[in-house]
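The structure appears below as structure tokens.
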Amino acid sequence: MTVNLSGGKENNKRPRTTTLIRRDIRGRSFRTVSSGTAVAVVVGALFLTTLLVGGANYSIELARNRLGSDIVVLPQGTNVSSQPFYTLFYTPSGSYLPSETVGTIGGVQGVKAVTPETFLAMFGFAGGDTGVTSFNYIIAIDPQNNFMLKSWLPASITQPLANDGTILGASVPPWDTIPSHGGRFYGTTIVPRYRLAPTGTFLDNVVFISTDTAVKMLTWQGLHPNQGDPDFMAPLSFRLGQASAVFVKLDDGVNPDLEVQKILTADPNVQAFTFSALAHSANVRFAGLLYQFGISGTLVWVGSVLLVSAMTTLSVRERQREFGLLRSIGATRSFIRGLVLSQSVVVTATAGALGIIGAYALFSLFYARIIAEIGVSYISPPLEEVLAILLSAMAATVFTGILAAWWPARVASRMEPYDALRRVR
3 MTVNLSGGKE NNKRPRTTTL IRRDIRGRSF RTVSSGTAVA VVVGALFLTT
53 LLVGGANYSI ELARNRLGSD IVVLPQGTNV SSQPFYTLFY TPSGSYLPSE
103 TVGTIGGVQG VKAVTPETFL AMFGFAGGDT GVTSFNYIIA IDPQNNFMLK
153 SWLPASITQP LANDGTILGA SVPPWDTIPS HGGRFYGTTI VPRYRLAPTG
203 TFLDNVVFIS TDTAVKMLTW QGLHPNQGDP DFMAPLSFRL GQASAVFVKL
253 DDGVNPDLEV QKILTADPNV QAFTFSALAH SANVRFAGLL YQFGISGTLV
303 WVGSVLLVSA MTTLSVRERQ REFGLLRSIG ATRSFIRGLV LSQSVVVTAT
353 AGALGIIGAY ALFSLFYARI IAEIGVSYIS PPLEEVLAIL LSAMAATVFT
403 GILAAWWPAR VASRMEPYDA LRRVR
């Protein structure tokens with residue numbers, strides 16, 4: 003009997019390359035599963051890490067392009083954090099900017115528009131099955147002069163804050179899931195009118211209300227001095243006209259760093275940050291996180307390459323008789339080498355695909371907890387970027403299979419038929 007080494011169809015009894023690979027995988031299932039599991043874990047982790055990196059970068063770029071603000075001005079002592087990106091921790095410490103400060107900032111040369119926002123209260127909520135506590139902020143704004151929020155709203159939404167309406171950030175829990183609350187804050191029931199799409203910024207955790215609604219709450223507070231919200235929030239401490247933060251849009255071509263100095267000169271009792279500086283701070287921290295992922299991922303990948311290589315070497319030794327028979331009936335060195343490499347690629351590619359599917363499933367199930375644990379903002383990147391990440395992960399899988407099997411394949415291809423048969427007698 004002759005063996006069709008080229009995979010032709012002259013004789014359907016002649017084994018093809020795929021048949022030889024399938025038979026060996028079935029005969030050594032435990033070894034195949036062991037090496038495949040290692041590859042699946044590595045590729046799944048690589049895919050998940052790259053997806054997080056892509057989502058975080060997309061979040062940063064989207065926020066920089068759509069927030070429309072060049073500078074943020076805060077009271078002295080207010081904590082500002084760039085991670086999660088652009089998150090401002092409005093603390094109920096009574097630190098507010100007086101109304102005249104807002105006017106002073108708006109009058110600085112080079113300032114095109116200002117958007118004051120006033121912190122009212124904060125509440126935490128452990129949502130869903132993840133158990134992750136999200137902190138949400140009730141913020142009062144002037145709906146007619148908030149250039150930052152308008153960039154996230156569709157044109158069809160014209161007056162969402164009228165008559166005690168509210169705009170909810172993407173991460174704010176639904177009213178009916180907040181125990182014993184139902185959307186009533188400081189004697190005023192606010193009505194959800196629109197929920198923002200994920201922005202990757204502090205907007206995701208904000209309940210926006212109008213200044214008119216804030217006045218109603220403040221009136222209720224005046225009738226109930228030293229009494230906070232009946233459920234769990236502290237008494238209101240702001241006064242009309244005060245602001246917790248002022249977002250500043252500059253004229254075209256104006257240097258934000260110079261404008262920060264002008265603002266600090268006009269009012270030394272504030273602190274001001276450019277959003278470019280916040281973005282740089284976020285990128286620095288993110289780069290450190292990425293470095294840690296890269297080091298650990300590289301070590302695990304090297305380990306998986308060594309494991310697959312060792313498994314392939316054992317397989318080659320056990321198949322010496324098979325290779326000798328193939329060589330004796332005319333198989334070339336390149337055929338033997340291609341057979342070993344092809345089998346390694348088939349195993350690693352299959353395992354890699356399963357690893358990607360598993361990683362994506364776990365990420366979908368535990369999205370909130372994963373994002374909270376690693377402390378980065380995340381927006382799912384565009385479909386084309388996700389596909390690019392997927393293709394990159396699969397390319398890395400194929401490369402792993404080729405690299406791990408290269409030396410064992412070379413050894414197998416250099417065996418002479420007589421020596422291969424003699425060694426297994």
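Numbers in the working numbering are just positions in the sequence shown, counted from 1, shifted up by 2.
Backbone N, C-alpha and C fix where the C-beta goes; we use that ideal spot for every residue, glycine too.
Note the first and the last residue of the continuous beta strand (DSSP E) segment covering residue i.
i    : result
Y196 : V193 to R197
I169 : G167 to L170
Is it buried or exposed, residue i, if we count other Cβ atoms within 10 angstroms and call 16 or more buried?
i    : result
D259 : exposed
E418 : exposed
Y293 : exposed
I297 : exposed
I359 : exposed
D72  : buried
R319 : exposed
E119 : buried
D254 : exposed
N148 : buried
F249 : buried
A363 : exposed
F325 : buried
D329 : Note on identity: in this sequence residue 329 is Arg, with Asp being the wrong assignment. Label assigned to R329: buried.
E102 : exposed
P410 : buried
S61  : buried
V1   : Only positions 3 to 427 of the chain appear in this structure, which leaves residue 1 out of reach.
Q223 : buried
N271 : exposed
S246 : buried
F137 : exposed
T267 : exposed
F125 : buried
P227 : exposed
T4   : Because the pLDDT of T4 is 43, which lies under 50, any placement of that residue in the model is unreliable, and the number read from its coordinates should be weighed accordingly. The residue in question, T4, is exposed, as its Cβ has fewer than 16 Cβ neighbours within 10 Å.
T20  : exposed
P383 : buried
T276 : buried
E386 : exposed
By the DSSP assignment, the alpha helix (DSSP H) with residue i in it spans what residues?
i    : result
T276 : Per DSSP, T276 belongs to no alpha helix (DSSP H); it is in the beta strand (DSSP E), V272 to T276.
I23  : T19 to G29
P77  : Run containing P77: none in the alpha helix (DSSP H); it sits in the beta strand (DSSP E), I73 to P77.
D259 : P258 to A268
S239 : S239 -> no alpha helix (DSSP H), and no H or E assigned at all.
L1   : In this structure the chain extends from 3 to 427, so residue 1 is not present and cannot be described.
F149 : F149 to K152
Opposite residue i in the DSSP bridges: which residues?
i    : result
L53  : L53 is not bridged to any residue.
I140 : A123 and V209
A245 : L99
K251 : A115
T190 : F187
Give me, in chain order, the residues of the same chain whose beta-carbon lies closer than 8 angstroms to that of residue i; leave out the 5 immediate sequence neighbours on both sides.
i    : result
L198 : W154, L155, I169, L170, G171, A172, L205 and D206
V193 : N165, D166, G167, T168 and G185
L48  : G299, W303, A395 and A398
I23  : L341, S344, Q345 and V348
V217 : L242
I1   : Residue 1 cannot be examined here, being either before or after the span of the chain that is shown, 3 to 427.
In its own chain, which residues sit with a C-beta less than 7 angstroms from the C-beta of residue i, not counting the 5 before and 5 after it?
i    : result
I436 : Residue 436 cannot be examined here, being either before or after the span of the chain that is shown, 3 to 427.
I372 : F365
F34  : It is Thr, not Phe, that sits at residue 34 in the sequence shown. Contacts found: I27 and V349.
A406 : V307, V310, S311, T314 and S346
Take residue i and list the residues in its own chain whose beta-carbon comes closer than 6 angstroms to its own, dropping the five residues that flank it on each side.
i    : result
N59  : none
A353 : G38, V41 and A42
S1   : Outside the shown range of the chain (3 to 427) lies residue 1, about which nothing can therefore be said.
G130 : Its pLDDT being 47, under 50, G130 is placed unreliably in this model, and the coordinates cannot settle the point.
A115 : F149 and K251
Less than 8 angstroms separating the Cβ of residue i from some heavy atom of the ligand PLP?
i   : result
A42 : Judged by which ligands are present, the structure shown has none, so any question about the ligand PLP falls away.
Next on the checklist: Quick check for students: name the residue ranges of the alpha helix (DSSP H) that lie wholly in the region 284-364, counting only runs of 4 or more.
Outcome noted: 322-330
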